[in-house]
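Mapping to the numbering used here: the sequence shown position 4 is 394, numbers consecutive.
Beta carbons: idealized from backbone N, C-alpha and C, even for Gly.
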Amino acid sequence: MPYYRRVGEVPPKRHTQFRQPDGSLYAEELMGQEGFSSDSSLLYHRFAPTAIVDARHVEPPEIVRTPNLPLKPRHLRTHKLSGTTDLLGRAALLANDDVRISYAVLSEPTRLYRNATGDECLYLESGSATIESSFGALAVTAGDYVIIPTSVIYRVVPSEETRVLVIEASGHIGPPKRYLSVRGQLLEHAPYCERDLRGPSEPLLVDGGETPVLVRNRRGWTELVYQRHPFDVVGWDGCLYPWAFSIHEFEPITGRVHQPPPVHQTFEGPNFVICSFVPRKVDYHPLSIPVPYNHHNVDSDEMLFYTGGSYEARKGSGIGQGSISLHPSGFTHGPQPGAAERSIGVDYFDELAVMVDTFRPLDLCEPGLSSEDEGYAWTWATRPPAAGLDTATG
Numbered sequence: 391m392p393y394y395r396r397v398g399e400v401p402p403k404r405h406t407q408f409r410q411p412d413g414s415l416y417a418e419e420l421m422g423q424e425g426f427s428s429d430s431s432l433l434y435h436r437f438a439p440t441a442i443v444d445a446r447h448v449e450p451p452e453i454v455r456t457p458n459l460p461l462k463p464r465h466l467r468t469h470k471l472s473g474t475t476d477l478l479g480r481a482a483l484l485a486n487d488d489v490r491i492s493y494a495v496l497s498e499p500t501r502l503y504r505n506a507t508g509d510e511c512l513y514l515e516s517g518s519a520t521i522e523s524s525f526g527a528l529a530v531t532a533g534d535y536v537i538i539p540t541s542v543i544y545r546v547v548p549s550e551e552t553r554v555l556v557i558e559a560s561g562h563i564g565p566p567k568r569y570l571s572v573r574g575q576l577l578e579h580a581p582y583c584e585r586d587l588r589g590p591s592e593p594l595l596v597d598g599g600e601t602p603v604l605v606r607n608r609r610g611w612t613e614l615v616y617q618r619h620p621f622d623v624v625g626w627d628g629c630l631y632p633w634a635f636s637i638h639e640f641e642p643i644t645g646r647v648h649q650p651p652p653v654h655q656t657f658e659g660p661n662f663v664i665c666s667f668v669p670r671k672v673d674y675h676p677l678s679i680p681v682p683y684n685h686h687n688v689d690s691d692e693m694l695f696y697t698g699g700s701y702e703a704r705k706g707s708g709i710g711q712g713s714i715s716l717h718p719s720g721f722t723h724g725p726q727p728g729a730a731e732r733s734i735g736v737d738y739f740d741e742l743a744v745m746v747d748t749f750r751p752l753d754l755c756e757p758g759l760s761s762e763d764e765g766y767a768w769t770w771a772t773r774p775p776a777a778g779l780d781t782a783t784g
């Protein structure tokens, strides 16, 4: 995180005596990244955060990955998925060794979960919820990105049916380095600032005895049973904690002619970036063509999640609310035929989308394939594929 927060009760100086009303010491816990050489926070527990009474191996959900062969663009329809009612039973759609993209529809509180393999970015397509963690409660709603740092114990408590896109990293997710000063402040040219970021504001302080927590690490899955509920923190401070940012607070950069995708970048992770396409005024050169030109990012696969408004460039291709398009490297993609001509003279786009560009190819996962619109690849052509051509979905 680029800035420091202090919540609840903490002593004047770190790593010093801090006593409970009965005279016993609070249990200090330092959570830190990169061997304690990067961001960290200090939490003060009423009970030992190390006290576990049981550990049970858990078989992980099976995720079958299939290469995108034959190579072609794909269209996945998340609103056609079923059996995604738990965030831990999230439907895997696309994955490589750096990132996994999943989808869930939540109607009940999830169980307590700790992802020790990397940060998670949750994007709420619709609904509202509370993210409960050792750091406190964080209210979130449609349009919010939520960054859950590695190894934070958390759960999601939806207040209504809530649809969530989940981006799981193999490392850490944060603002692009070019947006930050050498001391970590978001700079003036960044499309958002610290005022737009929200974190927990008070401790949660849950009383409870033995509490199971599902832990995923690089060797597999374990259910740890803690002697006391882990949400017993009376205070914490530091720069590492769950935080939220609304896509509606993203300030788009526009120009006289069409701007390239990096102006939409919101976060970066290991070998991938996350971008936000938001309602905005568009190009104002007298001869401008507001929709994107045909383009080919030779180093990246491009995934786009359509989450609101009307996406002008692909109108007529079958793309709609909740659609995911995958345009792989090795394929040139662009606007729907006729979209460039139709966009001339338009001065505003009412569109909302989340893009993930990965620098290694994305495989397709079985739930994603089950929701595929198999005719999408041919939507730029004036006729269907010739008889006898291989049109298998990989």
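Query: CB R715 to CB P632, shorter than 8 Å?; Result: In the sequence as displayed, the identity of residue 715 is Ser instead of Arg. For S715 and P632, no; Cβs fall outside 8 Å.
Query: For D740, count the other beta carbons within 10 Å of its own beta carbon; 16 or more makes it buried, fewer makes it exposed. Which is it?; Result: exposed
Query: Provide the residue(s) that pair with W633 in DSSP beta bridges, ordered along the chain.; Result: I537
Query: Alpha helix (DSSP H) containing E658: first to last residue?; Result: Per DSSP, E658 belongs to no alpha helix (DSSP H); it is in the beta strand (DSSP E), Q655 to G659.
Query: State the start and end residues of the unbroken alpha helix (DSSP H) segment that holds L759.; Result: E756 to S760
Query: Could you pull out every unbroken beta strand (DSSP E) segment of at least 3 residues lying fully inside the segment 416-468, listed in chain order?; Result: 417-422, 430-435, 442-448 and 464-467
Query: Please indicate yes or no: does the CB of F657 lie closer than 7 Å to some heavy atom of the ligand MN?; Result: No copy of the ligand MN occurs in the structure displayed, which carries no ligand at all.
Query: If you follow the alpha helix (DSSP H) that E731 is part of, which residue opens it and which one closes it?; Result: A729 to S733
Query: Looking only at its own chain, which residues have a Cβ that is under 6 Å from the Cβ of T520, when we skip the five neighbours before and after it?; Result: A527, A529 and V547
Query: Please report how far the alpha carbon of Y394 lies from the alpha carbon of L432, in whole angstroms.; Result: 11 Å
Query: Any idea what DSSP makes of T769, helix, strand or coil?; Result: coil
Query: State buried or exposed for A782, treating a residue as buried only when at least 16 other CB atoms are found within 10 Å of its CB.; Result: For A782, the predicted structure reports a pLDDT of 39, less than 50, and the residue's modelled location is therefore unreliable. A value from the coordinates is still provided. Per the 10 Å Cβ criterion, exposed.
Query: Suppose you measure from the CA of A482 to the CA of V495; what does that come to, to the nearest Å?; Result: 13 Å
Query: Within the same chain, show all residues whose beta-carbon is closer than 6 Å to that of E551, passing over the 5 residues directly before and after it, in chain order.; Result: S497 and G517
Query: Which class does V510 belong to by DSSP, given the choice of helix, strand or coil?; Result: The amino acid at residue 510 is misidentified as Val; the sequence shows Glu. E510: strand per DSSP, three-state reduction.
Query: Check this for me: beta carbons of S472 and A506, under 8 Å apart or not?; Result: no
Query: When the Cα atoms are used, what is the spatial distance from V400 to G561?; Result: 29 Å
Query: Below 8 Å on the Cβ atoms is my guess for L510 versus A532; work out the distance and round it to an integer in Å.; Result: Correcting the residue type first, residue 510 is Glu in the shown sequence and not Leu. That belief does not hold up - the Cβ atoms of E510 and A532 are roughly 18 Å apart, past 8 Å.
Query: For A580, tell me which candidate among E419, P566, T772 and V681 has the shortest Cα-Cα distance.; Result: P566
Query: Using a Cβ distance threshold of 8 Å, determine whether the segment 428-445 contacts the segment 656-669, with at least three qualifying pairs required.; Result: no
Query: Rounded to whole angstroms, what is the Cα-Cα separation between K403 and G413?; Result: 18 Å
Query: Kindly list the residues whose CB is nearer than 6 Å to the CB of A767, restricted to its own chain and excluding five residues on each side of it in sequence; keep chain order.; Result: K462 and P463
Query: Restricting to Cα atoms, I'd like to know which of P457, M693, P680 and W770 is closest to V556.; Result: M693
Query: Any contact between the segment 721-729 and the segment 635-651? By contact I mean 3 or more CB pairs, one from each, below 8 Å.; Result: no
Query: Helix, strand or coil for R738, going by three-state DSSP, please let me know.; Result: Inspection of the sequence shows that residue 738 is occupied by Tyr rather than by Arg. Reduced to three states, the DSSP call for Y738 is strand.
Query: Indicate the three-state DSSP secondary structure (helix, strand or coil) for E639 in the structure shown.; Result: helix
Query: Would Y503 and L478 be called neighbours here (beta carbons separated by less than 8 Å)?; Result: yes
Query: In the structure shown, what three-state DSSP assignment does G479 receive?; Result: helix
Query: Sort out for me which residues DSSP pairs V530 with in a bridge.; Result: A519
Query: At what residues does the beta strand (DSSP E) containing F662 begin and finish?; Result: F662 to F667
Query: Would you call the CB atoms of G712 and D673 closer than 8 Å?; Result: no
Query: Leaving out five residues on either side along the sequence, give the residues of the same chain with a beta carbon under 7 Å from the beta carbon of I734.; Result: I679
Query: By a C-beta neighbour count over all protein chains shown, 10 Å radius and 16 as the cutoff for buried, is A441 buried or exposed?; Result: exposed
Query: Look up K403 in the DSSP assignment and say whether it is helix, strand or coil.; Result: coil
Query: Would you mind working out which of V443, T406 and H686 sits nearest V603, comparing C-alpha positions?; Result: V443
Query: Who are F695's beta bridge partners in DSSP?; Result: I714 and V744
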